[in-house]
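Peer 1: Right, I'll just put the structure down here and ask away after.
In our numbering, the protein residues as written are 9 to 269.
Okay, here's the thing in C-alpha cells:
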C-alpha cells in the first residue's frame, strides 16, 4: 500500500489518472488511502463532545469531507493534501454537528455573552482581562463563571474551524498557513485578520497560549495537554474555552468588516 505522504510526488500518477482522465478506480484508491485521516480527525474532534454525539456520525460526515477534498484538490499546486483534506473533513463534521443542533440554545447564548464580554473589556482596557473582571461584567460570581465555562466547553472545540464567511471554507485557523498568492483585496483582508489574530494571541495568558499551541499546532488531545502541564483535564478545558472566546472576540470586529465587503 502506498504511504499517504507527499501525494503530489509519490502519488502523482494516481492523481493524474483521477484528475486528468476521470478514472473512478483512481478516485476510489485515493479515498481508501486517506480514510485514516477521517479516523484521526473525527476521533480528535470527538474529545469533549456530548456522549449523545455518535462517533459513527462524525466519521460519516468526515468521509463526505474527504470525498469533497479529493474532488476539489489541485495536485499541480504542490500543496500537501493531508492538510487540505483535514480542513475539509473538519468542515464537513462541523456542518453535520450544526445541522444536528447538538448544543442547546441556552449554552450558545452563554458562550456568546462571554465572547462579547471579552471583546468589550479587552478593547476597553487593551490588555488581557481577569476572571474577576469578566465575572463582574457578567454580574455573576467567579464560581458561576467557571461553571459557565464548563457548560460551554463543547462549543469551543471547533471554534477556530468556523468559516470567516458562511458561504466559504476559509477558516480562521487556515489564515496561519502560507499559501499561493491571492488577489490584492483578499490579501488586504487576510493581513488584517492575521493582525487581529496575533493581537488576540498576545492577550492570552501564558497558560492559555500553551494550551492553544499544544492543541492546534502540536495536535495533542486535551487529556494529553493535561499531563504535559500537570493540570486536571477540566482545568485544561477551561483554559481552552477562555482562549478561544478571547480569540473569537478579537476576530469578530474584523470579521464584520470583511462581511461588509
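Built from N, CA and C at the ideal position, the CB exists for glycine as well.
Taking residue 218 and residue 237 to be in contact with their CB atoms under 8 Å, please state how far apart those CB atoms are, rounded to whole angstroms.
Peer 2: Taking the first residue of the chain shown as 1, we reach residue 218 at position 210. Taking the first residue of the chain shown as 1, we reach residue 237 at position 229. Going by Cβ atoms, the distance from residue 218 to residue 237 rounds to 7 Å, so yes, they are a contact pair.
Peer 1: What's the gap between the Cα of residue 124 and the Cα of residue 259?
Peer 2: For the purposes of this step, residue 124 is taken as residue 116 along the chain shown, with counting starting at 1. For the purposes of this step, residue 259 is taken as residue 251 along the chain shown, with counting starting at 1. In a straight line, the C-alpha of residue 124 is about 11 Å away from that of residue 259.
Peer 1: Between the segment 87 to 100 and the segment 62 to 77, can you find at least three pairs of beta-carbon atoms closer than 8 Å?
Peer 2: yes
Peer 1: As a quick exercise: from 119, 228, 231 and 241, pick the residue whose alpha carbon is nearest that of residue 254.
Peer 2: Along the chain shown, one-based indexing puts residue 254 at 246. Checking every option, the nearest Cα to that of residue 254 belongs to 119.
Peer 1: Go ahead and pull the three-state DSSP assignment for residue 173.
Peer 2: Here residue 173 is taken as the residue at index 165 of the chain shown, counted from 1. Per-residue confidence for residue 173 stands at a pLDDT of 41, beneath the threshold of 50, marking its modelled position as unreliable; the derived number appears in the next sentence. Correct three-state label for residue 173: coil.
Peer 1: Do residue 246 and residue 129 have their C-beta atoms within less than 8 Å of each other?
Peer 2: As a first step, residue 246 must be located in the chain shown, where it is residue number 238. As a first step, residue 129 must be located in the chain shown, where it is residue number 121. Against a cut-off of 8 Å, the Cβ pair of residue 129 and residue 246 comes out as no contact.
Peer 1: Which of helix, strand or coil does DSSP assign to residue 218?
Peer 2: Position 210 of the chain shown, counting from 1, holds the residue named residue 218. DSSP places residue 218 in helix when its eight states are reduced to three.
Peer 1: Taking the alpha carbon of residue 248 as the reference point, which residue from 216, 228, 225 and 241 has its own alpha carbon closest?
Peer 2: Here residue 248 refers to the residue found at position 240 when the chain shown is read from its first residue. Nearest C-alpha to residue 248: 216.
Peer 1: Span of the alpha helix (DSSP H) holding residue 70?
Peer 2: Along the chain shown, one-based indexing puts residue 70 at 62. Where residue 70 is concerned, the enclosing alpha helix (DSSP H) stretches over 63 to 80.
Peer 1: Judging by CA-CA distance, which residue of 113, 90, 209 and 232 is the nearest neighbour of residue 42?
Peer 2: Within the chain shown, residue 42 is the residue found at index 34, counting from 1. Checking every option, the nearest Cα to that of residue 42 belongs to 90.
Peer 1: Nearest to residue 101 by CA position, among 250, 61 and 146, is which residue?
Peer 2: Along the chain shown, one-based indexing puts residue 101 at 93. Ranking 250, 61 and 146 by Cα distance to residue 101 puts 61 first.
Peer 1: Cβ atoms of residue 252 and residue 2: under 8 Å apart, would you say?
Peer 2: Since the first and last residues shown for the chain are 9 and 269, residue 2 lies out of range.
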